[in-house]
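*Asks:*
Residue numbers (mature numbering (1 follows the signal peptide of the UniProt record, and there is no 0)): -23 to -1, 1 to 394.
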């Protein structure tokens, strides 16, 4: 607790009049007394368990609390829509409680100082700027607060308690003297610019293509030494497409992971619901088309297959944690959080060590049309969809052998050679 003195000077003037009557007239005698009054005002400080400090008056007997909200998606949307650049966003709840653990508002203006727990970007020459915003969760608005910083220590002043969002923007200087925002975080926690993220994506795509080519070369070499297969089929199915033209390879590692797709869809809808955005309806037709799109990403990692009748997000990873990847990308995040999207589906396709994901979202007025012509559930329990190009794919996670068995059964049933 600290005390500071507030000095108030009060001038009290007293006029003492004495009249001396003489034959020549009157004489006035005046005297002025100055009195200085000193008033003491206590400036108190409290510290939260998390280390934040608050300074103000009449804080005695109160407790300062600080917590972090797990969901900052709505604030991120508001910042993005307001044109605010950020690398990280943390949503805080600062409040005071009395002896009965009841929340109370401060008596006048208070100053809050805290150090946010944010990762070090580990980038030479990177500079960080901080800004605090008041978040009105009832009206869905943000307002900038006057913010100062000293290193990573942030200070702002307010007259009321509520939610406050801290936005950190990290910039690096390019070779041409321009600056770029570090707006993406990869799986290893590295902060990347947009261009660096795209370069990494292209690199991973190239590595995946090279791995697929090596795998195909191994299969070709193995097939060349074999005169026939036990199943009576020859050739091999391309591991990069997991589709069939009537031939298969027992060693192909490719399948659709529906469980991962549904988990991603549930996470997206949970975030939408928490932000007050209606959940999207899962659509089986959209899922079939998303499966086709995810399969196409193996050989063409782009939006080229998008017929522009829907919104699409795509990604490729070593694992199935696509939700984190999409959430950390402002463009993908804004896409799946858009209230105009009312239905759709996600598909996850595994091929040669990589997972490919396509999320397709449709508005209420758009029709969902996938480029498949039929579906069939075989006696082995595997459901396949038959595409317009005469190939097939699994709806659920299944081995290539199981899919091919279902495909052969379908061809026999339909009289397809």
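Every residue gets a Cβ at the ideal spot worked out from N, C-alpha and C, and that includes glycine.
Grouping DSSP H, G and I as helix and E and B as strand, with all else coil, what is residue 340?
*Replies:* In this structure, residue 340 counts as strand in the three-state DSSP scheme.
*Asks:* Using CA atoms only, rank isn't needed, just tell me which of 132, 116 and 87 is closest to residue 109.
*Replies:* 132
*Asks:* Give the single residue among 394, 51, 270 and 361 whose Cα lies nearest to the Cα of residue 378.
*Replies:* 361 is the residue among 394, 51, 270 and 361 whose C-alpha sits nearest the C-alpha of residue 378.
*Asks:* If residue 70 and residue 140 are in contact, beta carbons under 8 Å, what's the gap, nearest whole angstrom?
*Replies:* 6 Å
*Asks:* Quick one: is residue 391 buried, meaning 16 or more other Cβ sit within 10 Å of its Cβ, or exposed?
*Replies:* When all chains shown are included, residue 391 counts as exposed.
*Asks:* Which runs of the beta strand (DSSP E) fall wholly inside the segment 81 to 123 and span at least 3 residues, in chain order?
*Replies:* 87 to 91, 104 to 113 and 118 to 121
*Asks:* Inspect the CB distances between the segment 314 to 331 and the segment 227 to 241 and report whether three or more fall short of 8 Å.
*Replies:* yes
*Asks:* Are the C-beta atoms of residue 242 and some chain C residue less than 8 Å apart?
*Replies:* Protein chains in the displayed structure number just one, and chain C is not present.
*Asks:* Check each candidate in 287, 93 and 180 and name the one with the smallest Cα separation from residue 278.
*Replies:* 180
*Asks:* Using 8 Å for Cβ pairs, my map puts residue 74 next to residue 42. What's the rounded Cβ distance?
*Replies:* Indeed, because the Cβ distance is near 6 Å, the residues count as touching under 8 Å.
*Asks:* CA-CA distance, residue 143 and residue 301?
*Replies:* Pairing residue 143 with residue 301, the inter-Cα distance amounts to about 20 Å.
*Asks:* Helix, strand or coil for residue 394? Go by DSSP, reduced to three states.
*Replies:* coil
*Asks:* Near residue 223, which residues of its chain fall below 7 Å by C-beta distance, leaving aside the five closest residues on each side in sequence?
*Replies:* Residue placement at residue 223 is poorly supported in this model, since its pLDDT is 36, which falls under 50; the coordinates are not used for a value here.
*Asks:* Apart from the five residues just before and just after residue 199, which ones in its own chain have a Cβ nearer than 7 Å to its Cβ?
*Replies:* Excluding its 5 nearest sequence neighbours in each direction, residue 199 has no C-beta neighbour in its own chain below 7 Å.
*Asks:* Less than 8 Å between the beta carbons of residue 289 and residue 337, yes or no?
*Replies:* yes
*Asks:* My output table needs one value for residue 52: the three-state DSSP class, helix, strand or coil.
*Replies:* helix
*Asks:* For residue 181, write down the residues that DSSP places opposite it in a beta bridge.
*Replies:* Residue 181 is not bridged to any residue.
*Asks:* Is it buried or exposed, residue 295, if we count other Cβ atoms within 10 angstroms and call 16 or more buried?
*Replies:* So residue 295 counts as exposed.
*Asks:* Identify the continuous beta strand (DSSP E) that holds residue 293 and give its terminal residues.
*Replies:* 288 to 294
*Asks:* Mind checking whether residue 149 and residue 170 have CB atoms under 8 Å apart?
*Replies:* Yes, Cβ-Cβ distance for residue 149 and residue 170 is below 8 Å.
*Asks:* Straight-line CA distance for residue 352 to residue 363?
*Replies:* 6 Å
*Asks:* Give a yes or no on contact between the segment 174 to 194 and the segment 77 to 97, applying the rule of three or more CB pairs nearer than 8 Å.
*Replies:* no
*Asks:* Tell me the DSSP bridge mates of residue 132?
*Replies:* 90 and 125
*Asks:* Is the separation between the beta-carbon of residue 90 and that of residue 27 shorter than 8 Å?
*Replies:* no
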